[in-house]
Amino acid sequence: EAGVTQSPTHLIKTRGQQATLRCSPISGHTSVYWYQQALGLGLQFLLWYDEGEERNRGNFPPRFSGRQFPNYSSELNVNALELEDSALYLCASSLARESNQPQHFGDGTRLSIL
Amino acid sequence: AQKITQTQPGMFVQEKEAVTLDCTYDTSDPSYGLFWYKQPSSGEMIFLIYQGSYDQQNATEGRYSLNFQKARKSANLVISASQLGDSAMYFCAMREIYGQNFVFGPGTRLSVLP
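Chain order of the listed sequences is A and B.
Numbered per the working numbering, the first sequence spans residues 5 to 118.
Numbered per the working numbering, the second sequence spans residues 25 to 138.
As structure tokens, this is what we get:
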């Protein structure tokens, strides 16, 4: 069974540009979560999608947005990139509505803003 | 309010010894799940162990066990016979049945000494 896949692995952008990060969940998982992890720090929750709907959003500005497609894959879009957006962006998937199901993470996309 | 507290930013342990990583949580939900994840320096998040709020027994997975004390709202991770490869960040997380979102603690960096 394939795990959570994220693309690209690395992404280099300049200030003001836009970035798109992609995530494919484990087959059968309907929930997708996005996290930002700055170097050496913990996970900051960004967005949670389930069944195509945004279920929850972390404390991030509106230039962070995303969507979930009918096949449950997801995109994270970051507009007007700023230097502090440089981080590892982790995607995770889980079976929704089951509190005993763990999140399974992808390997992340490392976004660098020059 | 902080829902997951990990009071040890960093821990050292000698190879082959046991180590306990602390985690306390705060919830008013009657049903919830507690999870531990390992993040090596390569960045991927690896699911280690799960404990349900109604589980009577402490969870165990190989060298990992969870010391669950519900009344004290603590879910400490015990790693037995530490190995050099255990050096990593460790995150405690909770999922409430009603909130259904995952909440992560700030993490503990474990260093195993030869």
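Backbone N, C-alpha and C define an ideal beta-carbon position, used for all residues, glycine too.
Everything numeric in this text was worked out from a predicted model, so none of it was measured.
Judged by DSSP in its simplified three-state form, Asp-50 (chain B) adopts coil rather than helix or strand. According to the DSSP assignment, Phe-36 (chain B) belongs to the beta strand (DSSP E) that extends over 34 to 38.
For Pro-130 (chain B), the nearest beta carbon of chain A is closer than 8 Å to its own beta carbon.
Identification of chain A residues near Phe-115 (chain B) by a Cβ-Cβ cut-off of 8 Å yields Gly-46, Leu-47, ordered along the chain. Under DSSP, the beta-bridge partners assigned to Lys-62 (chain B) are B:Ile-70, B:Tyr-114. Not a single C-beta of chain B is nearer than 8 Å to the C-beta of Gly-70 (chain A).
The Cβ atoms of Asn-60 (chain A) and Gln-22 (chain A) lie no closer than 8 Å to each other. One alpha carbon belongs to Arg-26 (chain A), the other to Tyr-93 (chain A), and they sit about 10 Å apart. Under the Cβ criterion of 8 Å, His-33 (chain A) is not counted among the residues facing chain B. Close partners of Asn-125 (chain B) in chain A (Cβ separation under 9 Å): Tyr-37, Phe-49, Trp-52, Arg-59, Asn-60.
Three or more beta-carbon pairs separated by less than 8 Å are not found between the segment 111 to 118 of chain A and the segment 66 to 73 of chain A, which leaves the two stretches without contact.
Note on geometry: alpha-carbon atoms of Gly-110 (chain A) and Gly-44 (chain A) lie some 18 Å from one another. Cβ-Cβ distances below 6 Å link Glu-55 (chain A) to Thr-34 in the same chain, with the five nearest sequence neighbours on each side left out; the list follows chain order. For Asp-54 (chain A), the enclosing beta strand (DSSP E) has its first and last residue at 48 to 54. Residue pairing of Gly-57 (chain B) in beta bridges, as defined by DSSP: B:Gly-76, B:Arg-119. Residue burial annotation: Gly-131 (chain B) is buried, with at least 16 other C-beta atoms found within 10 angstroms of its C-beta. At a cut-off of 8 Å between beta carbons, Gly-112 (chain A) contacts chain B. As computed with DSSP, Gln-72 (chain A) is found in a beta bridge with A:Ser-78. From the beta-carbon of Glu-68 (chain B), the residues of chain A found nearer than 9 Å are Leu-94, Phe-109, Gly-110, Asp-111, Gly-112. If you look at Ile-16 (chain A), you'll find it in the beta strand (DSSP E) that goes 14 to 17.
Per DSSP, Arg-114 (chain A) is one residue of the beta strand (DSSP E) stretching across 113 to 117.
Within the same chain, and ignoring the five residues on either side of Pro-138 (chain B) in sequence, the residues whose Cβ sits closer than 6 Å to its Cβ are Glu-39.
Close partners of Tyr-74 (chain B) in chain A (Cβ separation under 8 Å): Asn-104, Pro-106. According to the DSSP assignment, Glu-88 (chain A) belongs to no beta strand (DSSP E), since it is labelled neither H nor E.
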